[in-house]
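For the sequence shown, position 225 (counting from the first letter as 1) is numbered 897 according to the working numbering, and the numbering increases by one without interruption.
Glycine is no exception: its CB is placed at the ideal position from the N, C-alpha and C atoms.
First the structure, in the form of structure tokens, and then the observations on it.
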Amino acid sequence: MMKLSRALRNLRFLLFEHVLLPPGVMAFRLLMRSWRAEGPDPAIIRQLAGQPRIIVLTCHGMLLHLPRFSRIAAEHGRRFVVMLSPSRDGRLLAAALQRLGVGHVRGTTRSRGVAGALELIERVKAGDVVVIAVDGPRGPNCVVQPGVLRLAAAAGAQVVLAVTSAGRGLTFGSWDRAHLPAPFARVQITLHLLPPPLMEKGAGALAFVQETLVAAGRALRSPVFPPP
Numbered sequence: 673m674m675k676l677s678r679a680l681r682n683l684r685f686l687l688f689e690h691v692l693l694p695p696g697v698m699a700f701r702l703l704m705r706s707w708r709a710e711g712p713d714p715a716i717i718r719q720l721a722g723q724p725r726i727i728v729l730t731c732h733g734m735l736l737h738l739p740r741f742s743r744i745a746a747e748h749g750r751r752f753v754v755m756l757s758p759s760r761d762g763r764l765l766a767a768a769l770q771r772l773g774v775g776h777v778r779g780t781t782r783s784r785g786v787a788g789a790l791e792l793i794e795r796v797k798a799g800d801v802v803v804i805a806v807d808g809p810r811g812p813n814c815v816v817q818p819g820v821l822r823l824a825a826a827a828g829a830q831v832v833l834a835v836t837s838a839g840r841g842l843t844f845g846s847w848d849r850a851h852l853p854a855p856f857a858r859v860q861i862t863l864h865l866l867p868p869p870l871m872e873k874g875a876g877a878l879a880f881v882q883e884t885l886v887a888a889g890r891a892l893r894s895p896v897f898p899p900p
């Protein structure tokens, strides 16, 4: 009975991945093109253009916003690569992002330890702009995990904090308060460059990044952040 139940779950997963996901991604692409993107600051983009290694930190619930801004990396001959968990949900998200032209690294800051970290560092060294959810894969929502900063320090990259918001849309009831902007909504992004020496300061760095993240999220009134 358990084998039958597992087989049915696998069948439903494959059906979703190969039959329902492709048209869903197509609909999302059309929706995304309707959004009115604002930001980031051109001066920050010019600064980043000269950086050979870049890691972008954001909240898990903001990942739906980021593909709208992946063109900025493409304009500089680079691409977005998102670190995703090795779970089934991560596999589905990886398949969706691939159809949107965004790469992925399988692993998290809490699992797959060395293997996931080494792959991420290699992607950074190759020039990809690697995106890591600071609160992934299980939260708490918008709370920076120590492993994120350790990975960033090991990669020797310029670390950028990306915070997004949208005026209208749907906020899901998931732990990460994932937000899907409505058609023609205004989607904003702000980038905050974190000084490289900061990554080596342990708890002090963690507190600084957390404070910067919360302040930026509140300033943008991001729906991903829980109400104060």
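- Assign Q860 to one of three DSSP states: helix, strand, or coil. DSSP places Q860 in strand when its eight states are reduced to three.
Three-state class that DSSP yields for F897 in the structure shown: In the structure shown, the three-state DSSP call for F897 is coil.
Counting pairs of Cβ atoms below 8 Å between the stretch 720-730 and the stretch 691-699, do you hit three or more? With the cut-off at 8 Å, the stretch 720-730 and the stretch 691-699 do not touch.
- prompt: In the stretch 815-867, which residue ranges form an unbroken beta strand (DSSP E) of at least 3 residues, counting only runs that do not cross its ends?
  reply: Counting only runs of 3 or more, we get 830-838, 841-843, 851-853, 858-866.
Using only the alpha-carbon positions, how far apart do Q817 and L693 sit?
Between the alpha carbons of Q817 and L693 lies a distance of about 30 Å.
- Task: For Q860, count neighbouring C-beta atoms within 10 Å of its own C-beta (all shown protein chains included) and say buried if the count is 16 or more, exposed if not.
- Result: Burial state of Q860 is buried, judged by a 10 Å Cβ sphere holding 16 or more other Cβ atoms.
For I737, which of helix, strand or coil comes out of DSSP? What sits at residue 737 in the sequence shown is His, not Ile. The answer is coil: DSSP assigns H737 none of H, G, I, E or B.
Next on the checklist: Determine whether the beta carbon atoms of S894 and S846 lie at a separation below 8 Å.
Outcome noted: No, the Cβ-Cβ distance between S894 and S846 is not below 8 Å.
Given 8 Å, three or more beta-carbon pairs between the stretch 798-811 and the stretch 740-759: Here the stretch 798-811 makes contact with the stretch 740-759; the two share three or more CB pairs at distances below 8 Å.
What is the rounded straight-line gap between the Cα of A854 and the Cα of V832? Going from the Cα of A854 to the Cα of V832 covers about 27 Å.
> What is the residue span of the alpha helix (DSSP H) that V806 lies within?
Replying inline: No alpha helix (DSSP H) holds V806; DSSP gives it neither H nor E.
Practice item. Could you tell me the distance, in whole angstroms, from the CA atom of P695 to the CA atom of R708? Key: In this structure, the CA atom of P695 is about 23 Å from the CA atom of R708.
By alpha-carbon positions, which one of R743, L736, A879, G799 ends up nearest to A768? Comparing Cα-Cα distances from A768 to each of R743, L736, A879, G799, the minimum goes to L736.
- request: Kindly say whether P867, judged by its beta-carbon, lies nearer than 8 Å to any beta-carbon of chain B.
  value: As a matter of chain content, chain B is missing from the structure shown, which is built from one protein chain.
Cα-Cα separation, H732 to Q719 | Spanning the two alpha carbons is a distance of roughly 25 Å.
**Message:** Let me check understanding here. Comparing Cα to Cα, which of V777, A798, A766 lies closest to A789?
**Reply:** A789 has its Cα closest to that of V777, out of V777, A798, A766.
Alpha carbons only, please: which of L792, V774, L892, F897 is nearest the one belonging to A829? When each option's Cα is compared against that of A829, the closest is L792.
If you drop the 5 nearest sequence neighbours on each side, which residues of the same chain put their C-beta closer than 8 Å to that of R795?
Non-local C-beta neighbours of R795 in its own chain, meaning closer than 8 Å and more than five positions away in sequence, comprise V753, G775, V777, V802, ordered along the chain.
| Beta bridge counterpart(s) of F752 as assigned by DSSP | Paired residues: V801.
In the DSSP assignment, what residue or residues form a beta bridge with G636? Absent from the structure is residue 636, since the part of the chain shown begins at 673 and ends at 900.
*If you run the structure through DSSP and keep just helix, strand and coil, what is R890?*
Correct three-state label for R890: helix.
Cβ-based neighbour list, P712, same chain, cut-off 7 Å, excluding 5 preceding and 5 following: Closer than 7 Å at Cβ, skipping near neighbours: I861, T862, L863.
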